[in-house]
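In this text, residue positions in the sequence shown follow the working numbering: the first is 3, and each later residue adds one. Before any comments, here is the structure.
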Amino acid sequence: MIGTATAALQIEGGDRNNNWYDWASLPGTIKDGTTPLRATDHWRRWREDTELMATLGLQVYRMGVEWSRIEPRPGEFSSEAIDHYREEIGLLRERGVRPLVTLHHFTNPSWFQGIGEWTHPESVNIWLRFVRRVVTDLGDLVDEWVTLNEPNVYAVMTRLYGEFPPGHKSLPETIKVMRHMAIAHCRAYELIHEIQPHATVGFAHHVRSFDPLHVWDSPMAKINTYLFQDALTDAALGGRFALVLGGQPRQVSPGKYYDYLGINYYTRSAVAGISDRVFPGKPVNDLGWEIYPEGLTRIAQDLHARYPGPIWITENGTADNTEAFRSRYLADHLRVIAESDLPFERYYHWCFVDNFEWAEGEIPRFGIVHNDFDTQERTIKPSGHFLAQVIKDRGVTAEALAQYVVPQRYRLG
Ligand code: IFM
Numbered sequence: 003m004i005g006t007a008t009a010a011l012q013i014e015g016g017d018r019n020n021n022w023y024d025w026a027s028l029p030g031t032i033k034d035g036t037t038p039l040r041a042t043d044h045w046r047r048w049r050e051d052t053e054l055m056a057t058l059g060l061q062v063y064r065m066g067v068e069w070s071r072i073e074p075r076p077g078e079f080s081s082e083a084i085d086h087y088r089e090e091i092g093l094l095r096e097r098g099v100r101p102l103v104t105l106h107h108f109t110n111p112s113w114f115q116g117i118g119e120w121t122h123p124e125s126v127n128i129w130l131r132f133v134r135r136v137v138t139d140l141g142d143l144v145d146e147w148v149t150l151n152e153p154n155v156y157a158v159m160t161r162l163y164g165e166f167p168p169g170h171k172s173l174p175e176t177i178k179v180m181r182h183m184a185i186a187h188c189r190a191y192e193l194i195h196e197i198q199p200h201a202t203v204g205f206a207h208h209v210r211s212f213d214p215l216h217v218w219d220s221p222m223a224k225i226n227t228y229l230f231q232d233a234l235t236d237a238a239l240g241g242r243f244a245l246v247l248g249g250q251p252r253q254v255s256p257g258k259y260y261d262y263l264g265i266n267y268y269t270r271s272a273v274a275g276i277s278d279r280v281f282p283g284k285p286v287n288d289l290g291w292e293i294y295p296e297g298l299t300r301i302a303q304d305l306h307a308r309y310p311g312p313i314w315i316t317e318n319g320t321a322d323n324t325e326a327f328r329s330r331y332l333a334d335h336l337r338v339i340a341e342s343d344l345p346f347e348r349y350y351h352w353c354f355v356d357n358f359e360w361a362e363g364e365i366p367r368f369g370i371v372h373n374d375f376d377t378q379e380r381t382i383k384p385s386g387h388f389l390a391q392v393i394k395d396r397g398v399t400a401e402a403l404a405q406y407v408v409p410q411r412y413r414l415g
């Protein structure tokens, strides 16, 4: 099944109650000086967007619910926010688009941020209270869940590189955040199944290929792979916490904590000593990320060998502001999936409408639908028409290839 993915804060607009609104108000934090207050105004335009998804024939949609809207003050839940999401999800279902709901995607209510967010000793329980509420209140409409989005990216960007709020640079804090989030995932997996035994639950893991730039960089590439993603894989999927993540927590026993393997795949890194680079002369997107479709199946193969299960590509997409290569990118990634004998079940393209891309602001465009941020007018891009055609034809026909893909070229880095 094919569709698109997104996150609440990146599209909704209008919410002043979360850490990204606060962060974006500080000078120099967002490249183009924009804030998520505008985004794509999806909070008011969700009907129009949903109808557009249905027009394109999208089969599945991964969306987020915004914690700061649902629990604006600790322990106080907003029935208006819940009702809003119920209406939106209801319309998706009516239009035949199956929802997959993410329970945490990079953002926190300001009050949670204020107490130290995921470094706080009670952070897991505090978030689980929210999870319980959402799953209880939406459970008659949704039974597919992503607990957390990219805990490794969250930990590294908030606490190591300092590019996401609170902008700290501390290795012990990075580890603490990753540990707490891995515990949170395992506990949420159990909790959701307790409330909804038939639920399908996983987390969206940001994984990439780390390949050595020179032969002598091989050990470092292995170390990066382990520290950035594999230690987290073992903790969150298998409940096994290595010493680098602080050892086995009391609250989690080794076991199976996934119903699908959620993979967010974008690129590979060329590891050179302690730096992360890009292989020279390879196709790159507007942000300079290498376009390397084979990495997707390499990663999936490796993950599946250790943790067998159905594979859901919970994100895959590219920054392409001029629509120079997005259809080719789509075709190349769908091809490696189609040619693989791994159990790929879902493909969620990132993203539907161009949106607010965190510290990059509104600059990079990842959407299959163009957004004019001033007027909020949506226009389907050629890649949107291409994806719709692929869904309709249940594959890439020679005609679609000739029309959308053949004329496109990648830029080389
Ligand atoms: O926009 C992000 C998303 O929020 C998380 N995964 C990567 C995307 C593109 O950078």
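Don't be surprised by glycine CBs; every beta carbon is placed ideally from N, CA and C.
Nearest in C-alpha terms to Tyr-267, of all of Ile-194, Leu-332 and Val-133, is Leu-332. Look at the segment 259–334 and you find these whole runs of beta strand (DSSP E), each 3 residues long or longer: 263–266, 270–274, 277–279 and 313–317. Contact between the segment 8–15 and the segment 355–370 is established, with three or more Cβ pairs separated by less than 8 Å. The segment 175–252 contains, as complete beta strand (DSSP E) runs of 3+ residues, the segments 202–208 and 211–214 (chain order). Scanning Glu-175, Gly-16 and Ile-301 for the CA closest to the CA of Trp-120 turns up Glu-175. For the pair Pro-295 and Gln-231, the Cα-to-Cα distance works out to about 19 Å. Counting the other Cβ atoms within 10 Å of the Cβ of Pro-38 gives 16 or more, which makes it buried. Residue side-chain check: Gln-405 keeps its Cβ at 7 Å or more from all non-hydrogen atoms of the ligand IFM.
8 Å or more divides the Cβ of Arg-100 from the Cβ of Leu-143. Here Trp-218 is exposed, its C-beta having fewer than 16 other C-beta atoms within 10 Å. Secondary structure note for Thr-109: it is in no beta strand (DSSP E), with a DSSP letter that is neither H nor E.
Within the same chain, and ignoring the five residues on either side of Asp-288 in sequence, the residues whose Cβ sits closer than 7 Å to its Cβ are Ala-321, Asp-322, Asn-323 and Pro-366. Contact between Asp-17 and Ile-84 fails: their C-beta atoms lie close to 15 Å from each other, not under 8 Å. Relative to the ligand IFM, His-107 has its C-beta within less than 7 Å of a heavy atom. Here DSSP, grouped into helix, strand and coil, assigns Phe-346 to strand. For Gly-98, the closest alpha carbon among the candidates Gly-386, Gly-241, Leu-54 and Arg-134 is that of Leu-54.
For Tyr-63, the enclosing beta strand (DSSP E) begins and ends at 62–66. Residue ranges of uninterrupted beta strand (DSSP E) with 3 or more members, entirely inside the segment 367–394 and ordered along the chain, are 371–374 and 379–382.
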